[in-house]
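Reviewing the structure listed below.
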Amino acid sequence: MGNLRLSKHDGRVTGGNGVLDLSGTRDLLHAWGNWSNNNTFTDWYREAPYLASVTPKPTRNHISITDEQAAIIDKSIANLLQNHDSQAMSFLVLYYVYGLNKSEIARLATKADRAKCSEGKVRNAIQLAEFFLAGVFFHQGLLKQLSSKAA
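Residue numbering for the sequence shown follows our numbering, beginning at 128 and increasing consecutively.
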């Protein structure tokens with residue numbers, strides 16, 4: 128990957144081959160969160176830490192995705208849980224599926240672990256998961272499909 132530099136708050140990575148913008152990834156994750164709220168067969172993540180007692184908030188309108196695209200996103204997030212960071216996955220699901228803000232997630236994590244969790248830690252974990260998923264989505268061609276729909 129070479130020389131990558133993370134811009135502090137805008138969610139962009141700059142490097143030798145241009146810019147990877149997280150806005151498309153975030154749009155896909157919002158659409159996936161909306162899709163998972165409307166589909167009862169997507170309950171695997173409700174058994175993860177911090178998620179047992181949380182109910183989803185009403186969502187605003189986002190882009191729509193097909194069941195096939197949602198299944199790819201669902202599988203990618205499940206892979207994040209199994210192979211990488213379950214806490215980041217939990218924070219990601221709480222943010223995108225349940226619509227909680229980062230300070231609410233930090234309070235839930237503090238209660239569950241009985242250890243202090245800051246909003247900054249939640250923000251960093253979600254951003255790390257977003258970058259991981261951006262790479263997966265880019266590899267799967269989901270970001271290209273999203274940009275071709277918008278054009």
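Just so you know, even glycine gets a beta-carbon here, dropped at the ideal spot from N, CA and C.
> If you count every other CB in all the chains shown that lies within 10 Å of the CB of residue 209, and 16 or more means buried, which is it?
Replying inline: exposed
> What number of angstroms, rounded off, separates the C-alpha of residue 263 from the C-alpha of residue 245?
Replying inline: 27 Å
>> Taking 7 Å as the threshold (C-beta atoms), are residue 249 and residue 160 in contact?
In response: no
>> On the criterion of 16 or more Cβ atoms from any shown chain inside 10 Å, does residue 197 qualify as buried, or is it exposed?
In response: So residue 197 counts as buried.
>> I need the DSSP call for residue 114, collapsed to helix, strand or coil.
In response: Since the first residue shown for the chain is 128 and the last is 278, residue 114 is missing from the structure and cannot be characterised.
> Cα separation between residue 254 and residue 238?
Replying inline: 22 Å
> What did DSSP end up calling residue 167 once you bin it into helix, strand or coil?
Replying inline: Low local confidence applies: a pLDDT of 49 at residue 167 is under 50, so the model's placement there is unreliable, with the coordinate-based value given in what follows. Reduced to three states, the DSSP call for residue 167 is coil.
>> Going by DSSP in three states, residue 261 sits in which element: helix, strand or coil?
In response: helix
> According to the neighbour-count rule (16 or more other Cβ atoms, all chains shown, within 10 Å of its Cβ), is residue 261 buried or exposed?
Replying inline: buried
> From what residue to what residue does the alpha helix (DSSP H) around residue 236 run?
Replying inline: 229-240
> Got a sec? Which residues, its chain only, sit under 6 Å from residue 258 by beta carbon, not counting five neighbours each side?
Replying inline: none
> Under 7 Å between the Cβ atoms of residue 252 and residue 218?
Replying inline: yes
> Buried or exposed: residue 152, going by 16 or more other Cβ atoms within 10 Å of its Cβ?
Replying inline: buried
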